[in-house]
Amino acid sequence: MSHTSIQTEVRDILEKLGVTAADTQGGTLDVVSPVDGSVVASVPETSIADAGKLIGASHEAFLAWRLVPAPRRGEFVRLLNEELRAGKEALGRLVSLEVGKSPSEGLGEVQEMIDICDFAVGLSRQLYGLVIQSEREDHRLTEQWHPAGVVGVISAFNFPVAVWSWNAALAFVCGDSVVWKPSEKAPLTALVVRSLFLRAAKKFGGVPDGLLTVLIGGAKVGEALVDDARVPVVSATGSTRMGRIVGERVARRFGRAILELGGNNASIVTPSADLDLTLRAVAFGAMGTAGQRCTTMRRLIVHESVYDALIPKLVSVYKNISIGNPITSDALVGPLLDQRAYDGMQQALDAAKKAGGTVHGGERVDVNGPKSYYVRPALIEMPSQTGPVCEETFAPILYVLKYQDLNEAIALHNGVPQGLSSSIFGTDIREIEQFLSARGSDCGIANVNMGTSGAEIGGAFGGEKETGGGRESGSDSWKAYMRRQTSAVNYGRKLPLAQGVKFDI
Ligand code: NAD
1161 MSHTSIQTEV RDILEKLGVT AADTQGGTLD VVSPVDGSVV ASVPETSIAD AGKLIGASHE
1221 AFLAWRLVPA PRRGEFVRLL NEELRAGKEA LGRLVSLEVG KSPSEGLGEV QEMIDICDFA
1281 VGLSRQLYGL VIQSEREDHR LTEQWHPAGV VGVISAFNFP VAVWSWNAAL AFVCGDSVVW
1341 KPSEKAPLTA LVVRSLFLRA AKKFGGVPDG LLTVLIGGAK VGEALVDDAR VPVVSATGST
1401 RMGRIVGERV ARRFGRAILE LGGNNASIVT PSADLDLTLR AVAFGAMGTA GQRCTTMRRL
1461 IVHESVYDAL IPKLVSVYKN ISIGNPITSD ALVGPLLDQR AYDGMQQALD AAKKAGGTVH
1521 GGERVDVNGP KSYYVRPALI EMPSQTGPVC EETFAPILYV LKYQDLNEAI ALHNGVPQGL
1581 SSSIFGTDIR EIEQFLSARG SDCGIANVNM GTSGAEIGGA FGGEKETGGG RESGSDSWKA
1641 YMRRQTSAVN YGRKLPLAQG VKFDI
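Under our numbering, the first residue of the sequence shown carries the number 1161, and numbering increases by one thereafter.
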């Protein structure tokens, strides 16, 4: 596929999905396709002054939207979902072109948006509170949930649209407005989603202006959103480096931050593991999406009794895995995002070698010329968990460690600063249950007989420690997008005080 045909295809999709050339040409932000390194658009950026105005408009939209009954708000999300279903092929393709995912992963990303919209529509008829037993006679004690306000969503390049929908679909049914600051590496898919949103709004008969606004740009415009007191909730997805800044800034003004940050996800392979299944799961978990998922498997902790049966086979899979253009081939491993990602990977490989690691793979592969960065995934046998093994390098590197005893494996597993996703392979119920128990994995996600990636939207998604502690998507994550109110009603004639306190006048 030539540079021109990628540019042409991007333009065709943008036009088809209602994004005008004024929004994607002649601006200051170049959008580069990792597929071949070509510039496919130049998007105008949002100034700080305009960001302030858009946040103001979002606040106004919130004041109106919160009055719309929640099931009616759900009806709007249902219409948005219809637009996503109709636009799935084109938007999925644009995800692949903009961030280099395989066609099936690009489509999977849109499917995730569809799924969370379905979830949110059902949720719009719930959003339930509690009736609590009061200690006072003739009193009713309840807890109810109100819309929170403007929700700021900052998203990462690697899930350019799905992560937005995890937040926005919930926020809309909860009665909030949304200001979205997409990754500066992936503004085109965001502009398409805004266009689909506007189509749904029209079919709905109009939503308040400013219910969804998009800020285009990098950290600066992101910080304008983060610092704005009119934004009570900021949901930020990205690196721990970013989360440290955003978390502190939001806390300074007593806002609520939902932080979804980096992971350093590990799997433990126990003596009772089904090694064929393990091999397939590790291959997808560690090499899928070229190692650029927050839940990518980055460490494999293998019992010494199965090490020699598993690792040579895995090394052979690494040697033979297909690497290529995600658009025109069936290759399983596509490109890294950019040169920075490639340099970061090479630095980690050097550091691992210095720490005594044996590196298999990791070399650059020429697929589409010097402006794109394709690599063979690397498997590194490590003598201990030191240096780069404790960090998240956003590239396909799997560190392999050996263990003798499950307690030692769990200590290694938990012995890194991040706490997103984890898994264990085995059929011994005692070992599995120990891993899932309070003395097991310390992560937000703990799987059994599967890898660390590929979560469903039904469960709450997020992790502990330097992953930030936030939860998004399913289960009761919606509560983070609402304001909790406890309410006591006295329907009697007396005025009993709680805890038996007396104050008779
Ligand atoms: P990044 O941290 O470079 O950028 C993420 C977003 O934060 C971008 O929109 C960026 O513009 C914005 N940003 C950066 N600095 C900011 C600041 N000071 N103020 C406001 N906004 C700021 O991350 P990336 O390279 O786009 O994505 C990869 C990272 O995201 C990895 O660490 C990955 O693990 C993580 N991630 C986490 C999850 C999760 O749910 N835990 C999901 C996807 C990605």
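Glycine is no exception: its CB is placed at the ideal position from the N, C-alpha and C atoms.
Query	Result
Distance between Asp1468 and Ser1476 (C-alpha atoms, nearest Å)	13 angstroms
Through-space distance from Ser1315 to Asn1327, alpha-carbon basis	10 angstroms
Closest Cα partner of Leu1474 within the set Ser1465, Gly1378, Met1447 and Gly1451	Met1447
Start-end ranges of the beta strand (DSSP E) lying completely within the region 1629-1653, minimum 3 residues	1642-1650
Separation of Pro1263 from Gly1282, as counted between CA atoms	29 angstroms
Residues sharing a beta bridge with Val1475, DSSP	None; Val1475 has no bridge partner.
From Leu1290, Asp1298 and Ser1325, residue whose alpha carbon lies closest to that of Glu1269	Ser1325
Anticipated Cβ contact below 8 angstroms, Gly1516 with Pro1543, distance rounded	5 angstroms
Through-space distance from Arg1285 to Ala1511, alpha-carbon basis	53 angstroms
Ala1396 (DSSP reduced to helix, strand or coil)	strand
Beta-carbon spacing of Ala1308, Gly1451 below 7 angstroms	no
Classification of Phe1663 by the beta-carbon crowding that lies within 10 angstroms, buried from 16 upward	exposed
As assigned by DSSP and simplified to three states, the class of Glu1523	coil
Local conformation of Tyr1559 per DSSP, three classes	strand
C-beta atoms of Tyr1641 and Asp1336 nearer than 7 angstroms	yes
Residue burial classification, Tyr1651 (beta-carbon count within 10 angstroms, cutoff 16)	exposed
Residue interval of the beta strand (DSSP E) (run including Ile1487)	Note, Ile1487: premise wrong, no beta strand (DSSP E); not H, not E.
Reference Pro1368; option with closest CA among Ser1294, Asp1210, Ala1221 and Leu1580	Ala1221
CA nearest to the CA of Leu1460, picked from Gly1370, Ile1584, Ser1343 and Trp1225	Ile1584
Cα-Cα separation between Gly1600 and Ala1441, rounded to whole angstroms	21 angstroms
C-alpha gap between Val1321 and Val1192, whole angstroms	17 angstroms
Residues of its chain near Gln1185, where Cβ-Cβ distance is below 7 angstroms and the 5 sequence neighbours each way are ignored	Ala1201 and Ser1202
The region 1339-1347 contacting the region 1361-1379, beta-carbon criterion three pairs below 8 angstroms	yes
Nearest residue (CA-CA) to Gly1628, options Leu1239, Ser1635 and Cys1603	Cys1603
The region 1643-1661 in contact with the region 1293-1309 per 3-pair CB rule at 8 angstroms	yes
Alpha carbon of Ala1411 to alpha carbon of His1219, nearest angstrom	20 angstroms
Sequence ranges, alpha helix (DSSP H) only - wholly within the region 1439-1467, length at least 4	none
At least 3 beta-carbon pairs within less than 8 angstroms: the region 1405-1424 vs the region 1620-1640	yes
Sub-7 angstroms separation of Ile1276 and Ile1605 beta-carbons	no
Entirely enclosed beta strand (DSSP E) segments - the region 1553-1602, minimum 3 residues	1557-1563 and 1581-1585
Same chain, Cβ closer than 6 angstroms to Val1406, five either side skipped, listed in chain order	Val1386 and Ala1396
Reduced DSSP category for Gly1216 - H, G, I as helix; E, B as strand; rest coil	helix
Euclidean distance between Cα positions of Leu1580 and Ser1635	17 angstroms
Between the CA atoms of Leu1655 and Ser1343 - distance to the nearest angstrom	55 angstroms
Per-residue DSSP class, three states only, for Asp1498	coil
Local Cβ density within 10 Å of Ser1198, reported as buried at 16 or more and exposed below that	buried
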